[in-house]
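Please read the structure below before turning to the comments.
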Amino acid sequence: MKQVTAMKTLVEIYDSQQILNLLTGYAERPEKTIFLYEERQEHLIHNPIVEKYAGEVQYISTDIYGIEEILDMLDPEDLAFDIEGGSELLLAMIIRYADTYDCPMYFSDLIDGKVLILQGEDKITREIRWPHLTVKELIRLYGGEVRNLPEAVFDEAGRKAVEDIIRVKRENNRKWSNFCKTMGSYNRKYPDTDTWTVDMPVFNEYRSIFTGIQSVFSEFLKFDKYITFTFASPDYRILLTDGGVAFEYDTYYQLLDSGMFDDLDLRVNIDWNGGSFERNDPNSELDVLATKNGRLISISCKAGKYDQQAIYEVKANAVRFGGDRALPVLCNDNDADHDELVRKAEELGVLLIQHRDMWERKAAERIAAWL
Numbered sequence: 213m214k215q216v217t218a219m220k221t222l223v224e225i226y227d228s229q230q231i232l233n234l235l236t237g238y239a240e241r242p243e244k245t246i247f248l249y250e251e252r253q254e255h256l257i258h259n260p261i262v263e264k265y266a267g268e269v270q271y272i273s274t275d276i277y278g279i280e281e282i283l284d285m286l287d288p289e290d291l292a293f294d295i296e297g298g299s300e301l302l303l304a305m306i307i308r309y310a311d312t313y314d315c316p317m318y319f320s321d322l323i324d325g326k327v328l329i330l331q332g333e334d335k336i337t338r339e340i341r342w343p344h345l346t347v348k349e350l351i352r353l354y355g356g357e358v359r360n361l362p363e364a365v366f367d368e369a370g371r372k373a374v375e376d377i378i379r380v381k382r383e384n385n386r387k388w389s390n391f392c393k394t395m396g397s398y399n400r401k402y403p404d405t406d407t408w409t410v411d412m413p414v415f416n417e418y419r420s421i422f423t424g425i426q427s428v429f430s431e432f433l434k435f436d437k438y439i440t441f442t443f444a445s446p447d448y449r450i451l452l453t454d455g456g457v458a459f460e461y462d463t464y465y466q467l468l469d470s471g472m473f474d475d476l477d478l479r480v481n482i483d484w485n486g487g488s489f490e491r492n493d494p495n496s497e498l499d500v501l502a503t504k505n506g507r508l509i510s511i512s513c514k515a516g517k518y519d520q521q522a523i524y525e526v527k528a529n530a531v532r533f534g535g536d537r538a539l540p541v542l543c544n545d546n547d548a549d550h551d552e553l554v555r556k557a558e559e560l561g562v563l564l565i566q567h568r569d570m571w572e573r574k575a576a577e578r579i580a581a582w583l
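Residue numbers 213 to 583, in the working numbering, belong to the letters of the sequence shown in order.
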């Protein structure tokens with residue numbers, strides 16, 4: 213087989229799976245990639261992430277009636293072909309040309325993670341060289357735009373506060389939801405200050421919770437009829453007033469500590485209307501997102517009551533990100549078992565990680581096994 217890594221021009225048949233349009237160009241680094249696309253694919257071309265990883269590109273519109281004229285303008289000595297995408301007849305004509313002129317042909321098997329290179333009687337199989345796509349890049353690859361919801365990238369003190377909250381929440385799971393609702397009422401009462409005064413009956417009702425989350429406060433004082441405390445950071449307010457946010461951070465930290473993902477992001481809003489984020493635009497909000505080998509792992513975190521609707525939501529988002537290649541995950545922190553939730557997750561192909569595995573910090577392990 214001739215030295216395929218020295219190709220000057222890669223001819224790529226544009227594929228509806230955008231990840232396939234950049235893999236060969238990224239791995240082989242040709243001087244130029246020519247994308248042959250059909251009229252029905254025009255809305256897919258000029259994807260900025262494809263162009264970032266494929267290098268210098270040129271787009272040529274063609275069909276089965278024009279392909280021979282296009283190929284006749286190229287020097288077969290310089291060519292390699294990526295034989296994915298397009299209609300079957302167009303693909304057959306290109307394979308015939310490549311075979312006639314002994315041009316190498318590339319085929320990436322996304323399921324096995326292998327790339328097959330054919331040239332004459334020769335065949336080479338090797339591992340796909342995956343770009344380390346970020347969450348935002350992978351979402352843009354599939355036509356979305358991203359903005360992060362209001363969030364904090366916590367320092368070590370903030371992470372300690374999250375971990376204390378998660379531990380205390382699980383020790384007081386029956387009380388936690390009501391505690392957050394109560395703190396939400398104080399949040400509305402004190403919108404402009406991080407120092408709150410709470411009546412003593414409230415403290416007495418949630419004494420075990422307040423005692424366990426002292427890392428959230430920079431000052432905590434008890435008096436006869438009330439307590440007063442100051443948040444160590446304004447960003448900690450949401451950890452006490454939204455019952456699910458601390459669990460989202462806990463899930464994020466479990467994946468981060470594993471070191472097995474290409475990228476991670478937290479509390480992401482995905483816009484499907486060009487990124488302008490106008491009112492009523494179609495959008496998706498996801499709690500945690502991760503990438504691995506060109507696959508998007510979209511995670512919904514439910515800290516409270518059983519919610520079968522969450523399974524449908526996370527599955528619907530996965531369909532937008534490569535279908536079977538995307539991994540929809542539902543992480544549940546409620547310490548109760550629901551057989552119907554398990555059955556529905558299995559039916560829809562959603563990875564359900566229940567509270568036992570979450571409490572034992574097995575989220576990343578479960579995702580890796582599924583992948």
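Heads up, the beta-carbon is just placed ideally off N, CA and C, and yes, glycines get one too.
Starting from residue i, trace the alpha helix (DSSP H) both ways and give me its first and last residue.
| i | result |
| --- | --- |
| Leu-553 | 551-560 |
| Trp-408 | Trp-408 -> not in any alpha helix (DSSP H); beta strand (DSSP E) instead, spanning 407-411. |
| Phe-459 | 457-470 |
| Asp-569 | 567-571 |
| Thr-221 | Thr-221 -> not in any alpha helix (DSSP H); beta strand (DSSP E) instead, spanning 221-225. |
| Asp-376 | 368-383 |
For the beta strand (DSSP E) that residue i lies in, which residues bound it at each end?
| i | result |
| --- | --- |
| Gln-331 | 326-331 |
| Tyr-318 | 317-321 |
| Glu-431 | 429-434 |
| Val-541 | 539-544 |
| Ser-273 | 269-273 |
| Val-480 | 475-483 |
| Lys-244 | 244-249 |
| Phe-441 | 438-443 |
Classify residue i: buried if its beta carbon has 16 or more other beta carbons within 10 angstroms, exposed otherwise.
| i | result |
| --- | --- |
| Ile-565 | buried |
| Tyr-418 | buried |
| Leu-407 | Strictly speaking, residue 407 in this sequence is Thr, with Leu absent from that position. Thr-407 is exposed by the Cβ-count criterion. |
| Pro-413 | exposed |
| Leu-204 | This structure gives no information on residue 204, because the portion of the chain shown stretches from 213 to 583. |
| Ala-575 | buried |
| Gln-466 | buried |
| Ile-323 | exposed |
| Phe-533 | buried |
| Pro-494 | Low confidence applies here, because Pro-494 scores a pLDDT of 47, under 50, leaving its location unreliable; read the following figure in that light. When all chains shown are included, Pro-494 counts as exposed. |
| Thr-217 | Only weak support is given to the placement of Thr-217: the predicted model assigns it a pLDDT of 45, under 50, and the value that follows is read from those uncertain coordinates. When all chains shown are included, Thr-217 counts as exposed. |
| Leu-232 | buried |
| Pro-343 | buried |
| Pro-446 | exposed |
| Tyr-464 | buried |
| Lys-310 | Residue identity check: residue 310 is Ala in the sequence provided, not Lys. It counts as buried. |
| Met-219 | buried |
Report, in whole angstroms, the separation of the C-beta atoms of residue i and residue j, which I expect to be a contact under 8 Å.
| i | j | result |
| --- | --- | --- |
| Ile-425 | Ile-377 | 6 Å |
| Ser-430 | Phe-443 | 7 Å |
| Leu-498 | Val-480 | 5 Å |
| Arg-352 | Pro-260 | 6 Å |
| Val-428 | Tyr-402 | Between Tyr-402 and Val-428 the Cβ distance is about 15 Å, and since that is not below 8 Å, they are no contact. |
| Thr-221 | Ile-246 | 6 Å |
| Gly-237 | Ala-266 | 4 Å |
| Trp-484 | Gly-355 | 7 Å |
| Phe-391 | Ile-421 | 5 Å |
With distances taken from CA atoms, which of the options is nearest residue i?
| i | options | result |
| --- | --- | --- |
| Asn-399 | His-258, Asn-385, Asp-454, Met-570 | Asp-454 |
| Leu-248 | Gly-278, Ser-320, Arg-578 | Gly-278 |
| Asn-546 | Trp-571, Ala-538, Asn-529 | Trp-571 |
| Gly-456 | Leu-478, Gln-253, Lys-437, Ile-340 | Leu-478 |
| Glu-375 | Phe-391, Glu-460, Ala-522 | Glu-460 |
| Phe-639 | Met-395, Phe-366, Arg-341 | The requested residue 639 is not part of the displayed model; the chain covers only 213 to 583. |
| Asp-314 | Leu-328, Glu-300, Phe-293 | Phe-293 |
| Ser-510 | Arg-241, Glu-333, Val-347, Ile-257 | Val-347 |
| Pro-316 | Leu-291, Gly-396, Val-327, Glu-357 | Leu-291 |
| Asp-462 | Gln-230, Arg-371, Leu-256, Thr-409 | Arg-371 |
| Gly-471 | Lys-504, Ala-522, Val-500 | Lys-504 |
| Lys-264 | Leu-350, Phe-435, Leu-286, Tyr-438 | Leu-350 |
| Glu-240 | Leu-256, Glu-254, Gln-253, Glu-268 | Glu-268 |
| Glu-584 | Val-554, Asp-469, Arg-382 | Nothing can be reported for residue 584: it is not among the residues displayed for the chain, which extend from 213 to 583. |
| Ala-175 | Val-365, Glu-251, Lys-244, Trp-388 | With the chain represented from 213 up to 583, any question about residue 175 goes unanswered, as that position is not in the structure. |
ask   = If you pair each beta-carbon of the segment 535-543 with each one of the segment 560-576, do three or more pairs fall below 8 Å?
value = Contact between the segment 535-543 and the segment 560-576 is present, because at least three Cβ pairs lie under 8 Å.
inquiry  = Contact between the segment 306-325 and the segment 224-240 is defined here as three or more beta-carbon pairs at a separation below 8 Å; is this criterion met?
reply    = Put simply, the segment 306-325 touches the segment 224-240. At least three CB pairs are less than 8 Å apart.
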